[in-house]
Amino acid sequence: MAQITIIGAGSVMFTRQICSALLSYPSLAGSTIMLMDIQQDVLAKSGQVVAKMIEQAQLPVTVKMSTDQREALQGADFVINAIQVGGLEPWRLDMDIPAKYGVIQEVGDTMGPGGIFRALRHIPPMLAILRDMEDICPQALFINYANPLAPLTWAAKEFSSIQSIGLCYGVRYTVAQLAGYLQQGAWVDHPSTPERWQQLMYHEVPDHIDYEFAGINHMTWVTKMHANGEDLMAQIRELPNQSEVYQADGVRCEMLKFFNYWCTENHWHCSDYVPYFRKNEEMINHFLPLRWDLLALEEKVHAAGKAEIDAQLAGKQDFIIAPNMLNAPKIINAMLSGERTRINGNVANQQPDGLLIDNLPQNCVVEVPIWVDDKGLQPQAMGSLPTQCASLIKSNTAVQELIVEAALNRDLDAARYALALDPVTATVCTLEQINAMFEKMVEAQQPWLQSFNS
Numbered sequence: 001m002a003q004i005t006i007i008g009a010g011s012v013m014f015t016r017q018i019c020s021a022l023l024s025y026p027s028l029a030g031s032t033i034m035l036m037d038i039q040q041d042v043l044a045k046s047g048q049v050v051a052k053m054i055e056q057a058q059l060p061v062t063v064k065m066s067t068d069q070r071e072a073l074q075g076a077d078f079v080i081n082a083i084q085v086g087g088l089e090p091w092r093l094d095m096d097i098p099a100k101y102g103v104i105q106e107v108g109d110t111m112g113p114g115g116i117f118r119a120l121r122h123i124p125p126m127l128a129i130l131r132d133m134e135d136i137c138p139q140a141l142f143i144n145y146a147n148p149l150a151p152l153t154w155a156a157k158e159f160s161s162i163q164s165i166g167l168c169y170g171v172r173y174t175v176a177q178l179a180g181y182l183q184q185g186a187w188v189d190h191p192s193t194p195e196r197w198q199q200l201m202y203h204e205v206p207d208h209i210d211y212e213f214a215g216i217n218h219m220t221w222v223t224k225m226h227a228n229g230e231d232l233m234a235q236i237r238e239l240p241n242q243s244e245v246y247q248a249d250g251v252r253c254e255m256l257k258f259f260n261y262w263c264t265e266n267h268w269h270c271s272d273y274v275p276y277f278r279k280n281e282e283m284i285n286h287f288l289p290l291r292w293d294l295l296a297l298e299e300k301v302h303a304a305g306k307a308e309i310d311a312q313l314a315g316k317q318d319f320i321i322a323p324n325m326l327n328a329p330k331i332i333n334a335m336l337s338g339e340r341t342r343i344n345g346n347v348a349n350q351q352p353d354g355l356l357i358d359n360l361p362q363n364c365v366v367e368v369p370i371w372v373d374d375k376g377l378q379p380q381a382m383g384s385l386p387t388q389c390a391s392l393i394k395s396n397t398a399v400q401e402l403i404v405e406a407a408l409n410r411d412l413d414a415a416r417y418a419l420a421l422d423p424v425t426a427t428v429c430t431l432e433q434i435n436a437m438f439e440k441m442v443e444a445q446q447p448w449l450q451s452f453n454s
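Under full-length UniProt numbering, the sequence shown has 368 at position 368, and the numbering climbs by one with no breaks.
The structure is reproduced here in structure tokens:
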């Protein structure tokens, strides 16, 4: 038994997803799920949802709630961070202000102006969680889901002695996609509607596929993929020749054709991290004829999810109690039961036994395979990546390092330098334009950047 504390649990959609998988594991019997959010109204709704899910799962688990972070951390064994500071309003600013300067982002949650400013909003409250954990539950594992994942996980390991890991379902999503492209599994449609999003979350990765990925979050590279022992790498390199695959994933097909390796995330995400596809509207329309406005999709998912949850609470529809794409429940089950499992996770590149990826910066955070059981997390050393893949990653880790420096030192100039080094921003804007954009964004986001004023 254990206590799992979820910070930012007022995000009822995320809380439902994480508890859907948690409650599928018998090892959670006798455990407590502690929900924490600063907003009482949304917290109460999440509490109702989890209580109803526990009832349906028929598992002896207790749900508790608190708006007090320190109270919520008392007795915690696992702390899951799912905060989204300011909700969707600052995300709109992340997208709209850069667009006026020609920087058109597809997602804006990891790199680019959006990723940088999201990090400036999210790192300070995350550090407050870690500070309280050091005082109250220093033995607990900190599991970060908040984006941008790599800079937050990097800041956590620089700031605190608390063991931490960053989690994303991008690798499992990519494996499922590749299995479909290679006719080794069902085709996975890009999650462009709430229905497709739900289908993706519960899509099962085929058991006969064995794979290894290494890199950084949202830029992790397929280094090995087999189906029943058959090497699939040559078939992967032929994917750009399939019109259906190219139409669905043109950006990653172009990256594969040039750099010889396949990258995680869908092609909209990927286009936000490299300088080759978003120089102007004409180029964007050529490579991404179908757009993926994740902010708009998020709003639709929330609206559809609210209606579905209301039906579930009214007893008109069952909750899903089953493993899904989220890896935190797999980690918790493995550590409680001893059932050995493998995930991909984000941890410090520098480990006691050496570097996990030899040709990436020592101080960065990398995404690698990790074995987990009752002995804890066991990250796997991956040697060196192909030099071209490592070089692309370094263009992103340079920005991440400055983001972390900005947040830890409350230094907005470091964030300004990060924006100037961002691959897409630097491709589109002059330094003068970058400076003007930065000042506009700081001014517009003052309500969520108060820690930089002290």
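Think of the CB as a built atom: it goes at the ideal place given N, C-alpha and C, for glycine as much as any other residue.
Using alpha carbons as the reference points, say which of the options lies closest to residue i.
i	options	result
TYR25	ILE331, PRO289 and GLN84	ILE331
GLY10	ASN81, ASN260 and MET441	ASN81
VAL428	GLY112, PRO386, PRO352 and PRO323	GLY112
VAL42	THR32, PHE14, ALA21 and LEU22	PHE14
SER243	ASN228, LEU182, ASN280 and GLU265	LEU182
VAL399	ARG16, LEU23 and ALA150	ALA150
LEU178	ALA234, LEU130 and GLY108	ALA234
ALA176	GLN69, GLU282 and GLN199	GLN199
GLU212	TYR261, PRO191, ARG196 and GLY47	TYR261
PRO361	ASP132, VAL205, MET335 and SER395	SER395
ASN363	PRO369, ASP374, GLN351 and ASP373	GLN351
residue 459	GLN39, ASP96, ILE6 and VAL12	The structure shown does not extend to residue 459, since the chain is modelled only from 1 to 454, so the question has no answer here.
GLY30	SER337, LYS375, ASN453 and ARG237	SER337
ARG237	ALA314, PHE438 and LYS257	LYS257
Taking 7 Å as the threshold (C-beta atoms), are residue j and residue i in contact?
i	j	result
CYS19	MET65	no
VAL171	GLY180	no
VAL251	HIS267	yes
LEU28	VAL49	no
ASN346	LEU355	no
GLN3	MET34	yes
ALA21	PRO323	yes
PRO148	THR193	no
ASN228	HIS208	yes
TRP221	CYS168	no
ILE216	ALA146	no
TYR273	MET219	yes
ASP132	GLN69	yes
VAL301	TRP197	yes
ARG340	ASP373	yes
ILE7	ILE123	no
Just checking: is the beta-carbon of residue i within a distance shorter than 7 Å of some beta-carbon in chain B?
i	result
ILE332	In the structure shown, chain B does not exist; there is a single protein chain.
Quick one: residues in its chain with C-beta nearer than 8 Å to the C-beta of residue i, no 5 flanking neighbours on either side, listed in chain order?
i	result
LEU402	ALA414, ALA415, TYR417, ALA418 and LEU421
ARG121	VAL85, GLY86, PRO90, GLN445, TRP448 and LEU449
THR387	ASN359
GLU254	PRO240, TYR276, PHE277 and PHE287
ALA44	MET65
ILE104	PRO98, ARG278, GLU281 and ILE284
LEU385	ALA214, GLY215, TRP221, THR223, ILE357, ASN359, LEU360 and ILE393
ALA436	TYR101
Report the rounded CA-to-CA distance for residue i versus residue j, giving the unit in angstroms.
i	j	result
ALA156	GLN139	15 Å
GLY114	ALA303	23 Å
PRO125	ASN144	12 Å
LEU127	PHE159	7 Å
ALA99	LEU88	17 Å
GLY185	ASP318	27 Å
MET225	GLY305	35 Å
PHE117	ASP94	7 Å
GLN17	VAL365	26 Å
ALA307	ALA334	34 Å
ASN344	TYR101	36 Å
PHE452	VAL442	10 Å
LEU290	GLN247	9 Å
residue 514	GLU265	This structure gives no information on residue 514, because the portion of the chain shown stretches from 1 to 454.
MET1	ASP135	22 Å
Tell me which same chain residues have a C-beta within less than 7 Å of the C-beta of residue i, skipping the five on either side of it?
i	result
ALA406	LEU120, LEU412, ALA414, ALA415 and ALA418
GLY47	LEU35, VAL63 and MET65
ILE434	LEU419, ALA420 and THR425
Apart from the five residues on each side of it in sequence, which residues of its chain come closer than 6 Å, Cβ to Cβ, to residue i?
i	result
TRP371	ARG342 and GLN378
PHE259	GLN388
residue 492	No statement about residue 492 is possible, as the shown extent of the chain runs from 1 to 454 and does not include it.
PHE142	VAL79, ILE162 and SER164
GLY166	ASN144, LEU149, THR153 and ASN346
GLN312	PHE319
ASP210	HIS226
ASP249	HIS267
Notebook entry, point to check: If you scan the segment 30-91 from start to end, which runs of the alpha helix (DSSP H) of 4 or more residues do you find wholly inside it?
Noted result: With a minimum length of 4 residues, the continuous alpha helix (DSSP H) runs that stay inside the segment 30-91 are 40-57 and 69-73.
Margin query: Give the list of continuous beta strand (DSSP E) stretches no shorter than 3 residues that lie fully inside the segment 341-375.
Written below: Whole beta strand (DSSP E) segments, 3+ residues: 341-348 and 365-373.
Next item on the list: Please list the segments of the alpha helix (DSSP H) lying wholly inside the segment 267-291, counting only runs of 4 or more residues, in order along the chain.
Entry: Those alpha helix (DSSP H) runs which fall completely within the segment 267-291 and span 4+ residues are 267-271 and 281-287.
Next item on the list: Please specify which runs of the beta strand (DSSP E), each continuous and at least 3 residues long, are wholly inside the segment 144-186, giving them in chain order.
Entry: Taken in chain order, the complete beta strand (DSSP E) segments of 3 or more residues contained in the segment 144-186 are 164-166.
Notebook entry, point to check: Could you give the uninterrupted runs of the alpha helix (DSSP H) lying entirely in the segment 101-144, keeping only those of 4 residues or more?
Noted result: Fully enclosed alpha helix (DSSP H) runs of 4 or longer: 112-136.
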